[in-house]
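Trainee:
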Amino acid sequence: MRRASKIRDLVKGTSLTVNDLIYPVFIKEGISKPEPIDSMPGQYRLPMEDSLKEVEVLTSLKVPSVILFGIPKKKDATGSEAYRRDGVIQSAVKEVKSVFGDKIAVITDVCLCQYTDHGHCGLVKDGEIVNDETLRLLTLIAVSHAEAGADIVAPSAMMDGQVQAIREGLDSAGYSNVAIMAYSAKHASCFYGPFRDAAYSRPVFGDRQSYQMDYSNSDEALREVELDIDEGADIVMVKPALAYLDLIYRVKTTFRMPTAAYNVSGEYSMIKAAGRMGWLDEKSAALEVLTAIKRAGADMILTYFAKEAAEWLSS
Ligand SMILES: [Zn+2]
């Protein structure tokens, strides 16, 4: 059955397609040209205008979705730029939806870490991240994104009860059709390093191990996902992806929910680096990894390779 390529095509169990891909875009306030991100070759922080050009390219490649991350000019203790009605993401969503409408599904990251001066995903009191008081702010962020036109909001703070708080907030503000992609099983991982350079979101004290998951645990991921489903998540996510294929598989087979996997910055950068050194063939490595993530059970993959993969898959 492996003798000829057409026979292999007939028996292929997993086919990666452009419809599986979500492209993360960083939008930075107060810049006029794209800024290359050193630790993520090929990725940029974009001014608003260029983010529209980027979406144009994505729609021409038939990539169905983007997830937007904002980098504000100002940060403060409560991350107030994150829920300002004309904040960086709210403005970007309005622009993208007014130009492209339903040609692209717009997902927004709902968190505080890019907006707080301490770099944590929640409010901090006496050196601790306070869960319940953070929920109110996450809800404000989600509602402001929905008001701007986001199709899906994606809470990533790993606060307990965040999905329920956001669902109730969206419903009572009249946005019952806005879906929630929950970062349900988000692990405290070194593979986020390049993203933190990109978004300047490295915590100034401590780390995120008190709210993100321990990568040694497996059943805990199922409990987190189950809670999020009970709270109203429409899509559940495992993050990162490559070192967590077993969890993607367990989540998908246990819950049969739309399941996303985040092929994070470090997973991207290590393939890019090895490709540049001539140690790996970048295209083959990226497609093998993305296919494996899908084979493990992911219905959709957030990946910095989305644009290149769309080109590779169409050629
Ligand atoms: Zn965060």
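Each residue of the sequence shown is one higher than the one before, starting from 1 at the first, in the working numbering. Don't be surprised by glycine CBs; every beta carbon is placed ideally from N, CA and C.
1. Would M1 be called buried (16 or more neighbouring beta carbons within 10 Å of its own) or exposed?
2. Using 9 Å as the threshold, is the C-beta distance between I166 and I235 below it?
3. In this structure, does DSSP put S265 in helix, strand or coil?
4. For I333, list the residues DSSP reports as bridge partners.
5. Quick check: does the Cβ of L52 come within less than 8 Å of any heavy atom belonging to ligand 1?
6. Taking contact to mean 3 or more Cβ pairs, one atom from each stretch, closer than 8 Å, check whether the segment 80-88 and the segment 138-151 are in contact.
7. Is any heavy atom of ligand 1 found at a distance shorter than 8 Å from the C-beta of C121?
8. Quick one: what's R45 bridged to in DSSP?
9. CB-CB under 7 Å to L138, same chain, minus the five flanking residues each way: which ones, in chain order?
10. Which residue's Cα is closest to the Cα of Q43: S269, D117, M257?
11. Below 8 Å on the Cβ atoms is my contact criterion, and I expect A274 with V251 to pass it. Report the Cβ-Cβ distance as a whole number of Å.
12. Could you round the C-beta distance between Y244 and H187 to whole angstroms and report it? I think they count as a contact, below 8 Å.
13. Under three-state DSSP, which class holds P155?
14. So is the beta-carbon of C113 under 8 Å away from any non-hydrogen atom of ligand 1?
15. Given D246, which residues of its chain have a CB within under 8 Å of its CB, disregarding the five upstream and five downstream residues?
16. Might you give, ordered along the chain, the residues of its own chain that have their beta carbon closer than 7 Å to the beta carbon of P317, omitting 5 neighbours on each side?
17. Going by C-alpha distance, which of M237, R276, I271, S314 is nearest M300?
18. Along the chain, which unbroken stretches of the beta strand (DSSP E) at least 3 residues long are found entirely within the segment 173-254?
19. CB of S201 to nearest heavy atom of ligand 1: below 8 Å?
20. Does any heavy atom of ligand 1 sit closer than 8 Å to the C-beta of A4?
21. Taking L16 and K307 to be in contact with their CB atoms under 8 Å, please state how far apart those CB atoms are, rounded to whole angstroms.
22. Would you call the segment 12-31 and the segment 56-74 in contact, with 3 or more CB pairs under 8 Å?
23. Can you pull the DSSP bridge partners for H65?
24. Under 9 Å between the Cβ atoms of V130 and L140?
25. Using a Cβ-Cβ cut-off of 7 Å (strictly less than) and excluding sequence neighbours within five positions of R196, which residues of its own chain qualify?
26. Beta-carbon within less than 8 Å of I248's beta-carbon, same chain only, minus the 5 sequence neighbours each way: which residues are those?
27. State buried or exposed for G69, treating a residue as buried only when at least 16 other CB atoms are found within 10 Å of its CB.
28. How should Q90 be labelled, buried or exposed, when 16 other C-beta atoms within 10 angstroms of its C-beta is the threshold for buried?
29. Could you name the residues of the same chain whose beta carbon sits closer than 6 Å to that of V204, not counting the 5 residues immediately before and after it, in chain order?
30. With DSSP collapsed to three states, give me the class of D299.
Mentor: Result, derived from the coordinates:
1. exposed
2. No; because the gap between Cβ atoms is not below 9 Å, this pair is not in contact.
3. Here S265 sits in helix by DSSP.
4. Any answer about residue 333 is impossible in this case: the structure gives the chain only from 1 up to 315.
5. no
6. yes
7. Yes, the Cβ of C121 comes within 8 Å of a heavy atom of ligand 1.
8. Under the DSSP definition of a beta bridge, R45 partners with F26, E35.
9. Cβ-Cβ distances below 7 Å link L138 to V110, P155, A157, M159, Q162, A165, I166 in the same chain, with the five nearest sequence neighbours on each side left out; the list follows chain order.
10. S269
11. With a Cβ gap of about 28 Å, A274 and V251 do not count as contacting.
12. 7 Å
13. strand
14. If you check the C-beta of C113 against ligand 1, you find a heavy atom less than 8 Å away.
15. Correct list, in chain order: S218, A296.
16. There is simply no residue 317 to check, as the chain begins at 1 and stops at 315 in what is shown.
17. M237
18. 179-186, 235-239
19. yes
20. no
21. With 8 Å as the limit, L16 and K307 do not qualify as a contact, their Cβ atoms being about 14 Å apart.
22. yes
23. At residue 65 the sequence reads Ser, which differs from the His that was named. Answer by DSSP bridge pairing, in chain order: I22, A105.
24. no
25. R202
26. Correct list, in chain order: V238, A241, T259, A261, I293, A296, G297, A298.
27. For clarity, residue 69 is Phe in the given sequence; the question names Gly instead. It is buried - the Cβ of F69 has at least 16 other Cβ atoms within 10 Å.
28. buried
29. The answer, listed in chain order, is H118, G119.
30. coil
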